[in-house]
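Take a look at the structure below.
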Amino acid sequence: MLQVAELRKSYSGTEVVRGVSFAVAAGECYGLLGPNGAGKTTTLRCCLGLTASDGGHISLAGLPVPAAARAARARTGVCPQFDNLDPDFTVAENLVVYGRYFGIPRDLMRERVPRLLEFAGLEDKAAARLDALSGGMKRRLTLARALVNDPQIIFLDEPTTGLDPQARHLIWDRLKSLTASGRTLILTTHFMDEAERLCHRVAIMDRGAMIAEDAPRRLIGAQIEPHVVEIYGEGVREFARDTAPRYAQRVELTGETAFCYCRDAAPLLESLQAHSALRALSRAANLEDVFIKLTGRDIRD
Amino acid sequence: MTEPLIERCGLRYLHVVGRNFLVWRKLMYASMLGNMADPMIYLVGLGFGLGGFMPAIEGMRYINFLAGGMLCYSAMNSATFEALYSAFSRLKIQRTWEGIMHAPMTAADVVLGEWIWAALKATLSGAAMLIAMYLLGLVHGLRPLAVMPVVLLIGLAFSGLGLIMTALAKSYEFFIFYFTLVITPMMFLSGVFYPRSALPPVVQAIGAVLPLTHGADLARGLTLGTPMAHPLLDVLVLAGYATCGVSVSVLLIRRRLLK
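Residue numbers (the numbering used here), protein chains in the order written: chain A, 51 to 351; chain B, 422 to 680.
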C-alpha cells in the first residue's frame, strides 16, 4: 500500500528526515512514533505529496509520489492533526462539499452521507453547526470526512491528541473497525498505549531517522526487561545506588524516581520492605519504556 | 521533487468556486447589502451633494462622471476584500485550503478557484452599481451592459493582486499596508472622483500604469458613451495585471503550502 525508500527532507539546511525507509502492507495498521520534531508529520506530508522531498522514492496506493500525488490522494483518506473542518457548513454539508473535491457524484454522496454520519456517531447532528460540536465530535467528523472517497489507505496524524478518555476510546473503536474492514491505517501518535492497542507494527523515529521497527509486543520483548518497578520517596537516591542494582537488570534515576527494569520483580519488591519511606509502583513493561530507552528522557522542543 | 504544477487543464478549481458560493449563499443578503450600500452611499452623497457645486466634467454632470468611476472602485474593493481577508482566513485561520489539498486537488486548483470567485464577487458589486445607475436615470438602454465583461476583468486583476498579498501575509495586519500604500492612492490617482488631468504631470504618469485607471476609462466609455482614447490598450493592461497576478500568486501560495 505504501512504500517509502530513502526519504530525505531538509528545511533551510537542517535535515529533518534522513533517509527513512519503510513499507506498509495492505490491511496493516502502522504507527509512526517519535518525540516532537522527530520528522513524523514531515514524513506523512511527503507521502501525500504535500511536501516536496529532497530525495528518495515513495509509492502510495500503487502510484509514484509526487509525480502522481493527486491521483494517489484520490485513493487515500487524511485525518489531519489540526482541525480543518469548514466552520461555515453544517455537519452533513462538510461531508458533501468534501466529496465534491474528489469528484464524487451528488447521488453517490447522498447515499454515503448517512452511513458516514452513523460511523461517526453523529446521526442526530446532520444539520448541526460546527460550533455546536464537542472536540470529540469534531474529530469523529474529520475521520468520517477522510472516508468520503471510500479509501483503502488512511493517514491519521495524532488522531486523539487533546481528547478526553471517553472520546479517545470511541476513536480507537472506530479505528479498530476500519482495520477490521481491511483498510490500511498509518498513524502518528504521542500516546504509546494508543500505538500498542491499535498498531500491528510501529516504527520509532528520532531526529529524522527510524531507530526501531517491529510489532509492539516484540519490540518490548526485544528491547526491555518484562517488569518495571518505579520507586520514589525519601532516600530513593541511596536505594537506587546501593540496593536496586542487586535485583534489577537496569536502574535509571530521573529526578525523584528510580526506574528499575527487572526480569523478576519479586526480590526487588521484597527488599523494599525494609525501606518504609519508599513507595513503589510495579507494572509490566510497555511501549513507553522502549520509547524512552531509545529516544532518551530529554525534553524536545 | 514536487507535484506537477498544472497536470492538465481540469476544471477542478470550479469545486473551490462552488464551495465559496455555497457559503456566500448562506449570508447572501447581508453580503449583497454590504457590497451595494457602500458605493451607493458615495455615489448619492458625493454625486448629488458635492456634484451640485461642480461644473460639468468632460461635458457631463459630475454624478455621471463619478458613477463610471464608482462602478470600478466598487469592483476593485469587492475583489480586494475577498482576495485578502476572506482568502486569508481560509488559508491560515480555518485551514480550509489545507483540507482541500488533502483531497485530489492541487494548490493551483485552489488559487484559480479563489481568483475566479473574488472576481465574481466584484462582478456582482459592479452589477449592483450599474442597477443603481439605471435607477438614478444616469444610463439608458442596453449598451451600458457591455461594461459587465470589463467589470469581471477588473475583478480578475484585483483578485490576482490581492492573492499575491495573501500569499505573503503573516497576519491580517499586513493588509493595512496594501490598502494604505496601494489601494487608497490608486483610488485618487485613477480618475475615479475627478479627471486625472487635474493632477500634476508626474502623478498623472504614475496613474497611467495603474489598472484602475484603465478600468475607469473603459467603464465610463461603455456606460456613458464618452469617447475612449485607447480601449484595446485598457483591456490589455487589465488582462496583463490579471494574468501576472494569478500566476505569481499560484507560485507563491504553492511554495507556502507545499513547504
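Yeah, the Cβ is synthetic: ideal placement off N, Cα and C, and Gly gets one too.
- For secondary structure counted as the alpha helix (DSSP H) over 4 or more consecutive residues, the segment 171-195 of chain A holds these complete runs in sequence order: 185-195.
- Spanning the alpha carbons of B:Gly520 and B:Phe609 requires a straight line of approximately 40 Å.
- Scanning its chain for C-beta atoms nearer than 6 Å, with the 5 sequence neighbours on each side dropped, one finds around B:Leu577 the residues Ala540, Ala663, in chain order.
- Taking 8 Å as the Cβ-Cβ cut-off, the segment 512-538 of chain B approaches chain A at Gln515, Arg516, Thr517, Glu519, Gly520, Ile521, Met522, His523, Ala524, Pro525, Met526, Thr527, given in chain order.
- Taking 8 Å as the CB threshold, B:Lys542 stays off the interface with chain A.
- Less than 8 Å divides the Cβ of B:His523 from the Cβ of A:Val128.
- Per the coordinates, the alpha-carbon of B:Thr544 lies some 25 Å from the alpha-carbon of A:Asp136.
- Under a 10 Å Cβ-count criterion, B:Ser618 is classified as exposed, with fewer than 16 other Cβ atoms of the shown protein chains found around its own Cβ.
- DSSP places A:Arg300 in the strand class (E or B) of the three-state scheme.
- The beta carbon of A:Arg150 falls within 8 Å of a beta carbon belonging to chain B, placing the residue at that interface.
- In the three-state DSSP reduction, B:Tyr599 falls in the helix class (H, G or I).
- Within the segment 126-145 of chain A, those residues whose Cβ lies closer than 8 Å to any Cβ of chain B are, in chain order, Val128, Pro130, Phe132, Asp133, Asn134, Leu135, Asp136, Pro137, Asp138, Phe139, Glu143.
- A:Thr92 is a Cβ neighbour of A:Lys59, given a cutoff of 8 Å.
- The beta carbon of A:Thr101 falls within 8 Å of a beta carbon belonging to chain B, placing the residue at that interface.
- Minimum Cα-Cα distance from B:Gly439 among the listed residues A:Gly346, A:Glu246, A:Tyr151 corresponds to A:Tyr151.
- Of all residues in the segment 434-447 of chain B, only His436, Gly439, Arg440, Leu443, Val444, Lys447 come within less than 8 Å of chain A when Cβ atoms are compared, listed by chain position.
- Along the segment 239-267 of chain A, the beta strand (DSSP E) occurs as fully enclosed runs of 3 or more residues at 251-256, 259-264, listed in sequence order.
- Note that the C-beta distance between B:Ser670 and B:Ala637 is not below 8 Å.
- Under the rule that a run must span 4 or more residues, the alpha helix (DSSP H) segments found entirely inside the segment 139-173 of chain A read 141-151, 156-169.
- When C-alpha distances from B:Phe509 are compared across B:Gly583, B:Leu602, B:Phe598, B:Pro570, the shortest belongs to B:Gly583.
- For the pair B:Leu448 and A:Phe139, the Cα-to-Cα distance works out to about 12 Å.
- Residue pairing by DSSP places B:Val623 opposite no residue, since no beta bridge is assigned to it.
- Per DSSP, the beta bridge partners of A:Pro114 are A:Ser109.
- About 12 Å separates the beta carbon of B:Ser495 from that of B:Met453, a gap too long to meet the 8 Å contact definition.
- Taking a Cβ-Cβ threshold of 9 Å, the residues of chain B close to A:Ala124 are Ala524, Pro525, in chain order.
- Boundaries around A:Gln53 are those of the beta strand (DSSP E), 52-61, since no alpha helix (DSSP H) includes it.
- A:Gly285 is a Cβ neighbour of A:Ala327, given a cutoff of 8 Å.
- Comparing alpha-carbon positions, the option among B:Thr647, B:Asp655, B:Gly547, B:Phe614 lying closest to B:Met475 turns out to be B:Phe614.
- Between A:Asp256 and A:Gly81, the C-beta gap is not smaller than 8 Å, which leaves the two residues out of contact.
- At least one C-beta of chain B is nearer than 8 Å to the C-beta of A:Ala121.
- Secondary-structure assignment with DSSP links A:Gly305 through no beta bridge to anything.
- In this chain, A:Ser332 is not harboured by any alpha helix (DSSP H); it is covered by the beta strand (DSSP E) spanning 328-334.
- Each residue's CA atom was taken as its position, placing B:Tyr434 and A:Arg347 some 48 Å apart.
- Here B:Asp530 carries a helix assignment [DSSP, helix/strand/coil].
- The residue from A:Arg179, A:Phe309, A:Thr192, A:Ala316 with its alpha-carbon nearest to that of A:Asp339 is A:Phe309.
- Taking all protein chains in view, the Cβ of B:Ala451 is surrounded by fewer than 16 other Cβ atoms within 10 Å, so the residue is classified as exposed.
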